[in-house]
Amino acid sequence: MVKRFRLLLCSPLVALASTPAFADEPLDVVLVGGGIMSATLGTYLHELEPEWNIQMFERLDAVASESSNAWNNSGSGHSAFMEMNYTPDDSGQVEIQRAVNVTEQFEVSRQFWAHQVANGVLNDPSSFINTVPHFSLVWGDEDVAFLRERFEKMTANPLYAGMEYSEDPEEIAEWMPLIMAGRDGSRPVAATRMQMGTEVNYGEQTRQMIASLEDNEHFTLSLESEVRGLDRNDDGTWRVTVANLASGDETSVDARYVFLGAGGAVLPLLQESGIAQASLYGGFPVGGQFLYTTNPEIVSQHPIKVYGKAGEGSPPMSVPHLDYRNLDGEPALFFGPFATFSSKFLKEGSWTDLFGSLSLDNTWPMMQVGFDNFSLVRYLMGQVVQSDNARFEALQDFYPEANRDDWQLWTAGQRVQIIKDTDDGGVLQFGTEVIVSDDGSMSALLGASPGASTSPTIMLSLLERVFAEQVASDAWQQTLTEILPSYGQHLADNPELLREVRSYTAHLLELDEPMNLLEEREASDVDEMNDGDDTATEIMDVSDESDEHDAVPVANDADNALFSSDSPAPPFALRRVGQRRPWLEISSARVLAGSPSVARAR
Ligand SMILES: Cc1cc2nc3c(=O)[nH]c(=O)nc-3n(C[C@H](O)[C@H](O)[C@H](O)COP(=O)(O)OP(=O)(O)OC[C@H]3O[C@@H](n4cnc5c(N)ncnc54)[C@H](O)[C@@H]3O)c2cc1C
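Residues -23 to -1, 1 to 579 (mature numbering (1 follows the signal peptide of the UniProt record, and there is no 0)) make up the sequence shown, in order.
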């Protein structure tokens, strides 16, 4: 049985006024929350159904102010190049399938963002994505053997072409001087380098996508508007009750579909909706803190992201990393994260959030998770009582010559980890999960990882479940293929398509191209010079090709299936005959000349 709680979210109570509906016809879609997930879903829907009326409600006075804000997350384009938690070795062998899934999902993100640049939805790619090489770093014989095996297995897969590996301290010192300076060189060390890693400003992406949506008459953004009530109407639509936090008024709208993109605050809203699936979930908030510096002398020595390995028994979000960041134009280094505990579900949330979310259904599963994950509980308790000295020592383990005066402590966003009631009892999940009511009219996203990096895949999987019929139609198929040229294909199985897609997205997003593509081009440049052939590549007309496609309907899992980095990727495996190749519409000469940053990479 689902318990329903009146929401006491994060703000002073406002007076309950009468609730006139301010639209005669129900809205097509209500998006709750102005973070990257709602922005991505709104962007998809606007392109798929431009006439649909969509309203977004955001409780704060600006969008992208919670976890999606650049200051509140790590800004990593999680593509599994450096995150060793995606390649576990629990079975005694390094398993790379989870990494492959995440990498393919990030390639979908690149295509989605590239398409938005081509469409003028996103502008100035360097404001939201930049090439920042990704490194994994380990110490000690056991972890060196792990990284070597990981490298060997990954580089057998075309997704990781161009990855480099070294056990040579001098070479590694060239790669990451800050980290290697001042170390005793006797301990075995190993690192991998993936030049095509990225740093992403998800807040800027969110702001730009929502600003573009606001340019059309079918979209309305309501700020300082907190969704507090979700009730079923007799006709199956939803009555969404919204408190205006500025005026204290409460109003309501009706909608055919509601998406709960409220970040950490999704769980209480889901409970408020009363859909059957809500009773399966509990949530445990874990905050993140970072040490950061903006000292240009230090920042300029580390234009990279270096991920270490999580300690024994520590959760994936505890992986220590020293990251180059672009904080809305300000270069910085972040080190962390350090876990914090607060009972808030949002950074700007209320201390009552956790307690208000407890119900008869989820309290026992949550307690079971506590008993079953004692190492996690111990880790969190250790983190919570950690002193400033201990945090600085953790930084010095990574960057021995760090000077305390350069670093400040910053509290980033809240993550609410999912606790799910399963046949085996309460289970703690670190991934994300799309939840959809039986009739598809109410959907939500729980969880935080890999999160923003894979938001286009996550929202696509939501579209496929909520709008299964429309997704199967020719019109949606065509638009989806325009947005995502590799739609329905596994890039890991299709090296030629992977090469083309990477080159195309690198061009539009102004990113460095993968090293293997640069090397191939250099080789072909030499061949051309030898042939004396300097003919420019012509623009190819592929209009016929782009119209040709034949899709079969997507399988619609009516169950509340888990979508996480463990799912088979991509989760939208449609059979497709014709493949759209928009990169051929751009002058091949321009694509092959590469992004502006190719010269830098050389
Ligand atoms: C410390 C940390 C580091 C991270 N690092 C990375 C990383 O490196 N790479 C990565 O890809 N991901 C990372 N993530 C995860 C990523 O930040 C999230 O997956 C992503 O931002 C979630 O976006 P969202 O739109 O779901 O939520 P949010 O961005 O939190 O947006 C939710 C919005 O809903 C609003 N809201 C809440 N309740 C209501 C209501 N009742 N009515 C109206 N509005 C409401 C909130 O105010 C907020 O604006 C990190 C997260 C954290 C906390």
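We treat Cβ as the ideally placed atom computed from N, Cα and C, and that holds for glycine.
Every value quoted in this text rests on a predicted model; they were computed, and no experiment measured them.
- Between GLN248 and SER336, the CB-CB gap stays under 8 Å.
- Rounded to the nearest whole angstrom, the C-alpha separation of PHE105 and GLN88 is 14 Å.
- Excluding the 5 residues flanking it on each side, ILE73 has same chain C-beta neighbours closer than 6 Å at THR64, LYS130 and MET131, in chain order.
- Counting every other CB atom within 10 Å of its CB across the protein chains shown gives ASP192 a total below 16, marking it as exposed.
- Sixteen is the threshold: when 16 or more other Cβ atoms of the shown chains lie within 10 Å of the Cβ of GLY54, as they do, the residue is buried.
- The three-state secondary structure of ARG160, taken from DSSP, is coil.
- 8 Å or more divides the Cβ of ASN178 from the Cβ of ALA389.
- At least 8 Å separates the beta-carbon of SER426 from that of PHE444.
- Contact annotation, LEU244 with LEU405: C-beta distance approximately 14 Å; criterion of less than 8 Å not satisfied.
- For LYS130, there is no enclosing beta strand (DSSP E); the residue is part of the alpha helix (DSSP H) that begins and ends at 118 to 132.
- The segment 296 to 303 and the segment 251 to 266 do not touch, with fewer than 3 CB-CB distances between them shorter than 8 Å.
- With contacts defined by Cβ atoms closer than 8 Å, PRO146 and VAL121 do not form a contacting pair.
- About 4 Å separates the Cβ atoms of GLY259 and MET343, confirming a contact at the 8 Å cut-off.
- Taking a C-beta distance under 8 Å as the contact criterion, VAL296 and ALA287 qualify as a contact pair.
- VAL40 and GLU148 have their C-alpha atoms some 43 Å from each other.
- Restricted to the segment 346 to 429, the beta strand (DSSP E) segments that are unbroken, complete and at least 3 residues in length are 385 to 399, 402 to 406, 409 to 413 and 419 to 424, listed in chain order.
- Cβ contact annotation for LEU155 (same chain, cutoff 6 Å, sequence separation greater than five): GLN278, HIS279 and TYR376, in chain order.
- A direct Cα-Cα distance of roughly 24 Å separates VAL230 from GLN447.
- Under DSSP, ASP231 forms a beta bridge with ARG216.
- Residue side-chain check: ILE13 places its Cβ nearer than 7 Å to a non-hydrogen atom of ligand 1.
- Bounds of the beta strand (DSSP E) holding ARG302 are 298 to 304.
- Secondary structure of THR329 (DSSP, three-state): coil.
- In the structure shown, LEU222 adopts coil according to DSSP, grouped into three states.
- For the pair LEU114 and GLY285, the CB atoms are nearer than the 8 Å cut-off.
- For LEU25, no beta strand (DSSP E) encloses it; the enclosing alpha helix (DSSP H) starts and ends at 13 to 25.
- Distance from the CA atom of SER480 to the CA atom of GLU496, rounded to whole angstroms, is 13 Å.
- With respect to the 8 Å criterion, LEU136 and LEU486 are not classified as neighbours on the basis of their beta carbons.
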